Amino acid sequence: MYRRIESSDWMNRLDLWEALCDAGLPVQNRKWKRLENKSARFFFTEAGWQKYGHRTLSALRSMGVIARVISLKENDPRLNVIYHDKWQINVRFGGRK
76 MYRRIESSDW
86 MNRLDLWEAL
96 CDAGLPVQNR
106 KWKRLENKSA
116 RFFFTEAGWQ
126 KYGHRTLSAL
136 RSMGVIARVI
146 SLKENDPRLN
156 VIYHDKWQIN
166 VRFGGRK
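The opening residue of the sequence shown carries number 76 in the numbering used here; numbering runs sequentially from there.
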């Protein structure tokens, strides 16, 4: 199962960034991996959700941010995987990679 945290307000995306940093999600070379495909979205893998996702969601809730969790099945045939590591996966729906 892949999971993604989304906030209802675009200003809360800064809070999401802060919560991800507070949760300790590893970042290579102190930068997020830049991807050319803007329509792709990052999701936590099961291991990433257990280690970082719960902490991120708790941090957001402690800031008073209303957030929802989007879940996808790993074997969904509509998904194109663009990037994958132990903690997160970057996917987009349909089309070419």
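We treat Cβ as the ideally placed atom computed from N, Cα and C, and that holds for glycine.
As the structure is a computational prediction, the values presented were derived from the model and not from experiment.
Check: Whose C-alpha, out of Cys-96, Ser-146, Asn-150, Val-140, is nearest the C-alpha of Phe-118?
Finding: Position 43 of the sequence shown, counted from the first residue, corresponds to residue 118. Considering only alpha carbons, the answer is Ser-146.
Notebook entry, point to check: Distance, Cα to Cα, Arg-167 vs Asn-155?
Noted result: Here residue 167 corresponds to residue number 92 of the sequence shown, with the count starting at 1. Here residue 155 corresponds to residue number 80 of the sequence shown, with the count starting at 1. Their Cα atoms are separated by approximately 5 Å.
Notebook entry, point to check: Which class does Ala-115 belong to by DSSP, given the choice of helix, strand or coil?
Noted result: Translated into the one-based positions of the sequence shown, residue 115 becomes position 40. Ala-115: coil per DSSP, three-state reduction.
Notebook entry, point to check: When the Cα atoms are used, what is the spatial distance from Ala-122 to Ser-133?
Noted result: One-based indexing of the sequence shown puts residue 122 at position 47. One-based indexing of the sequence shown puts residue 133 at position 58. Taking the straight line joining both Cα atoms gives about 17 Å.
Notebook entry, point to check: Which one or two residues does DSSP pair with Ser-146 in a beta bridge?
Noted result: Your numbering for residue 146 matches position 71 in the sequence shown. Arg-78, per the DSSP bridge assignment.
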